[in-house]
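Colleague:
Residue numbers (the numbering used here), protein chains in the order written: chain A, 1 to 356; chain B, 357 to 601.
#1: Taking only three categories from DSSP, how would you classify residue 371 of chain B?
#2: Going by alpha carbons, who is nearest to residue 521 of chain B out of B:427, B:446, B:577?
#3: On the DSSP bridge assignment, give the partners of residue 440 of chain B in chain order.
#4: Would you kindly report the start and end of the unbroken beta strand (DSSP E) that includes residue 523 of chain B?
#5: With DSSP as the reference, please indicate the residues paired to residue 455 of chain B in a beta bridge.
#6: Would you say the segment 283-291 of chain A touches the segment 10-29 of chain A, given that touching needs at least three Cβ pairs under 8 angstroms?
#7: For the segment 220-232 of chain A, which residues have a CB atom closer than 7 angstroms to at least one CB atom of chain B, in sequence order?
#8: At a CB-CB cut-off below 8 angstroms, which residues of chain B make contact with residue 12 of chain A?
#9: Closer than 8 angstroms, CB to CB, is residue 82 of chain A near chain B or not?
#10: Measuring CA to CA, which of A:313, A:331, A:281 is closest to residue 300 of chain A?
#11: Thinking C-alpha only, which one of A:4, A:66, A:30 is nearest residue 216 of chain A?
#12: Go to residue 243 of chain A, then tell me how far its alpha helix (DSSP H) extends in each direction, as first and last residue.
#13: Contact check, residue 489 of chain B vs residue 454 of chain B under 8 angstroms by CB: the rounded distance?
#14: Got a sec, what are the start and stop residues for the beta strand (DSSP E) residue 420 of chain B sits in?
#15: Using 8 angstroms as the Cβ pair cut-off and three pairs as the minimum, do the segment 395-411 of chain B and the segment 567-581 of chain B touch?
#16: At least one CB of chain B closer than 8 angstroms to the CB of residue 213 of chain A: is that the case?
#17: Where do the ends of the alpha helix (DSSP H) carrying residue 390 of chain B lie?
#18: Here's a check: name, in chain order, each residue in its chain whose Cβ is nearer than 6 angstroms to the Cβ of residue 419 of chain B, leaving out the five neighbours to either side.
#19: Which residue wins for smallest C-alpha separation from residue 246 of chain A, given the options A:335, A:194, A:229, A:313?
#20: Going residue by residue through the segment 500-576 of chain B, where are the continuous alpha helix (DSSP H) segments of at least 4 residues, counting only ones entirely within it?
#21: Counting pairs of beta carbons, one from the segment 64-83 of chain A and one from the segment 225-244 of chain A, are three or more of them closer than 8 angstroms?
#22: Can you find a CB in chain B that lies within less than 8 angstroms of the CB of residue 209 of chain A?
#23: Using a Cβ-Cβ distance cut-off of 8 angstroms, determine whether residue 576 of chain B contacts chain A.
#24: Taking the alpha-carbon of residue 85 of chain A as reference, which of A:180, A:71, A:73, A:102 has the nearest alpha-carbon?
#25: Rounded to the nearest angstrom, what separates residue 410 of chain B and residue 430 of chain B at their Cα positions?
#26: Per DSSP, residue 365 of chain B is paired with what?
#27: Less than 8 angstroms between CB atoms is the rule here; does residue 216 of chain A satisfy it with respect to chain B?
#28: Using Cβ-Cβ distances below 9 angstroms, what residues of the segment 442-466 of chain B are close to chain A?
#29: Which residues bound the alpha helix (DSSP H) around residue 319 of chain A?
#30: What are the boundary residues of the alpha helix (DSSP H) that includes residue 305 of chain A?
#31: May I have the straight-line CA-CA distance separating residue 351 of chain A from residue 61 of chain A, to the nearest angstrom?
#32: Does the structure place the segment 527-540 of chain B close enough to the segment 360-378 of chain B that three or more beta carbon pairs sit under 8 angstroms?
#33: Against residue 561 of chain B, what residues of chain A qualify as contacts under a CB-to-CB distance less than 9 angstroms, listed in chain order?
#34: Can you pull out the residues from the segment 419-437 of chain B whose beta carbon lies closer than 7 angstroms to at least one beta carbon of chain A?
#35: Using the three-state DSSP reduction, which class does residue 482 of chain B fall into: helix, strand or coil?
#36: Please return the same chain residues whose Cβ sits closer than 8 angstroms to the Cβ of residue 413 of chain B, not counting the five positions on each side in sequence.
And the structure:
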C-alpha cells in the first residue's frame, strides 16, 4: 500500500522489470563500496543525473508527444546557474540555493515563452524552433566568457560538506573513506529518487492523463473541453524545470561546467536514445535507458579490450574488437535494440506481461 | 421549430482549397434525436466538426442556445455542454476504460468524483464497460470501443450529443445493442444529432431527419415521413429501406 502510494499507483507491472529496477537501485547504492574507484562512482552519479534528465524529457516527449531539442539548454541553464553562483558568491549553500533559484526562474521564463509562442505550430516547426533557440543559447554561453568562462567553462568550489577534502570520520568504512565525494554521491542519489517519484506522480495525476490524451489525439482531447495549448505549455515548463534541476546536480557533482559538458547537441542525441531504448511514456524506461546507455558508453571499450586480447590469434576478429571501434559496436547495439524493442525495453517487458 | 437548441444558418466551411459546406441550414430541437443522412463526402462529418469548432465557418452562423458559437475554439464549445463522439470511436487507446471515463468527466480527479448513480446507469447501458473497467481501451473490440466512446460522452449530463456514425463497422448483434442503448438514452430527454449512413439504424431511432448532399441540407422533416416514403428514400438517398434491412 505504501509502495503503491509512493509510486503513485504506477508499479513496474512486470516481474522482470521489477528485478531489473531493483538490480539498478542496488548497483547504484553499493557502487562506492563494491566497485571502488573514481570511474565507477562517476558513472553511477552520471546515471542518477541522467535518470532525472531523461525522465524530464520523457514527460515532454513520451507523455505529451512534443519533440523538443531545447532540453539540453535547460540542463545547461541549471548547470550554469550553480556554476556561476558558486564562482561569484563563494562555496556556500546560500550560493547553491541562489544558483538553483535563478536557473529555475530563467528556465521557467524561457520555456513559457517558447511554449506560448511555438506550441501552436506543427510539431516539426516546434522542433526546429527549439533547435534554433538551443543553438543560439549555446553560442551565447560560449561568447559570454566573462560570466560563463567561455569554451573553457568554470571550475569552482562546492560547499565544504561536498568537497573531497571533507571527511566525516578519519577511519574508512568498509575500506571506503567517508569523504565529501561520497556524501555528494548519496545526496545526488537521494535527490534523484525524490525527483523521479515527483515526476511519476505528475504523469499519474489527472494532469498526466490529459497529457497522454493529447499525445494520442489532440483534437479528441480538445473535444472533451481541454485547452491543449495550456496543458502542452505546462508540460513543457515542468519538463524544463526538472531538466534544470538535473543540470544543477551535474554542476555540483563535477565542480565544473562548460558548453560541452551540459549544452552540447551530443547530450541531446544521447537522451533521445536513452528515452527510445528505455521506452517512451513509461518513466521507468528512463532508468533502464540511462543505465544501459551510460554503462555501455563507459565500459564497452574495456569489454572490447578483453575481447580483442582474447582473439589475439585471429587478426580479423582482433581488429573488429579493437577498443577504438567501440562507437561502431555501440551504434550496432542501438540499432538492434530499437529493432528488437520498438516500444523500448520497458514497453516490451510490460506488453509481454499483459499478453501472458 | 421554435427555439431550437442548435441552429445552423447558411454555414459555409472551407478546408484548405476545398469548399465542403456550401450553405448548411439545420435545426436540432430540444430533447429530440435528429439524424443527418447522406452519402460519403456529403459533408456530414464536416458539419459536426464545424459545430465543434475544429473548422471555423467562413460564412453563416452556428447558434447554440441562441448564442453564436461559430468563432469559438473547440474546448470552449465542449464546455458549453456539447459532447462529441467522433467517427472511428475516438477513444484513448493507451488509457484504461476507467481513465477514459474520468477524462471525460472534466471536473473529476478520481472515479469517485463521478456521480455513482450515473455510472451505474451507464454500466446498465453498456455492461462491457464494467467488465473491462481496468483494461486498456485499445484492447477492446470494435463494438466495445464504440460503447466506450458513447459512455464517455454521457458520463456527465450534456445538453447536446454529436455522434458520428456509431454503427460503422459493427456486427449486427452489436448494432442492436447500440439501438437499445440509444433508445434508453432518448428517454432521458437528451438532445442528439446523429450522423449515419445505415438508414435502418437511423430509422429506428430518429425523431427528425436531415439529408445532406454536396455540402447542403437537401431535405429536412420528420423521420417517420421519410421511413414510410420509399420513393422519397430513393430520390434522396438512392436506396430502398428493404435493401438495408
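By construction, the Cβ of each residue, glycine as well, lies at the ideal position given by its N, Cα and C atoms. What you are looking at is a predicted structure, and each value in this text was computed from that prediction instead of being measured.
Modeller: Considering the structure as presented:
#1: Note: residue 371 of chain B maps to strand in three-state DSSP.
#2: If you compare the alpha carbons of B:427, B:446, B:577 with that of residue 521 of chain B, the shortest gap goes to B:446.
#3: Beta-bridge analysis with DSSP links residue 440 of chain B to B:518.
#4: Following the DSSP letters along the chain, one finds residue 523 of chain B in no beta strand (DSSP E), marked with neither H nor E.
#5: Per DSSP, residue 455 of chain B has no beta-bridge partner at all.
#6: The way I'd put it, the segment 283-291 of chain A does touch the segment 10-29 of chain A; three or more beta-carbon pairs between them come closer than 8 angstroms.
#7: The segment 220-232 of chain A vs chain B, Cβ under 7 angstroms: 220, 222, 223, 224, 225, 226, 227.
#8: For residue 12 of chain A, there are no neighbours in chain B by C-beta distance under 8 angstroms, as the nearest C-beta there is about 16 angstroms away.
#9: Not closer than 8 angstroms to any Cβ of chain B, the Cβ of residue 82 of chain A fails to qualify, so no.
#10: That would be A:331, whose Cα lies nearest to the Cα of residue 300 of chain A.
#11: Comparing Cα-Cα distances from residue 216 of chain A to each of A:4, A:66, A:30, the minimum goes to A:66.
#12: Per DSSP, residue 243 of chain A is one residue of the alpha helix (DSSP H) stretching across 228-254.
#13: Confirmed, Cβ separation roughly 5 angstroms.
#14: First-last of the beta strand (DSSP E) with residue 420 of chain B: 415-420.
#15: A contact exists between the segment 395-411 of chain B and the segment 567-581 of chain B.
#16: Closer than 8 angstroms to some Cβ of chain B, the Cβ of residue 213 of chain A qualifies, so yes.
#17: Counting along the chain, residue 390 of chain B falls outside any alpha helix (DSSP H), though it belongs to the beta strand (DSSP E) covering 389-394.
#18: Same-chain partners within the cutoff: 363.
#19: It is A:194.
#20: Taken in chain order, the complete alpha helix (DSSP H) segments of 4 or more residues contained in the segment 500-576 of chain B are 528-542, 555-561.
#21: The segment 64-83 of chain A is in contact with the segment 225-244 of chain A.
#22: At least one C-beta of chain B is nearer than 8 angstroms to the C-beta of residue 209 of chain A.
#23: Judged by the 8 angstroms Cβ criterion, residue 576 of chain B is not in contact with chain A.
#24: It is A:102 whose Cα lies nearest to the Cα of residue 85 of chain A.
#25: Each residue's CA atom was taken as its position, placing residue 410 of chain B and residue 430 of chain B some 6 angstroms apart.
#26: Within the DSSP bridge table, the entry for residue 365 of chain B names B:417 as partners.
#27: Taking 8 angstroms as the threshold, the shortest C-beta distance from residue 216 of chain A to chain B falls below it.
#28: Listed in chain order, the positions of the segment 442-466 of chain B with a beta carbon within less than 9 angstroms of a beta carbon of chain A are 442, 446, 447, 448, 449, 450, 451, 455, 456, 458, 459, 460, 462, 464, 465, 466.
#29: Here the alpha helix (DSSP H) through residue 319 of chain A covers 315-320.
#30: Counting along the chain, the unbroken alpha helix (DSSP H) around residue 305 of chain A starts and ends at 284-310.
#31: Between the alpha carbons of residue 351 of chain A and residue 61 of chain A lies a gap of roughly 20 angstroms.
#32: Cβ pair count under 8 angstroms is below three, so no.
#33: Ordered by position in chain A, no residue passes the 9 angstroms Cβ test against residue 561 of chain B, which lies about 22 angstroms from the chain.
#34: Hits within the stretch, in order: 430, 431, 434, 435.
#35: Look at residue 482 of chain B here: in three-state DSSP terms it is coil, with no helix or strand label.
#36: 367, 368, 369, 377, 406, 426, listed in sequence order.
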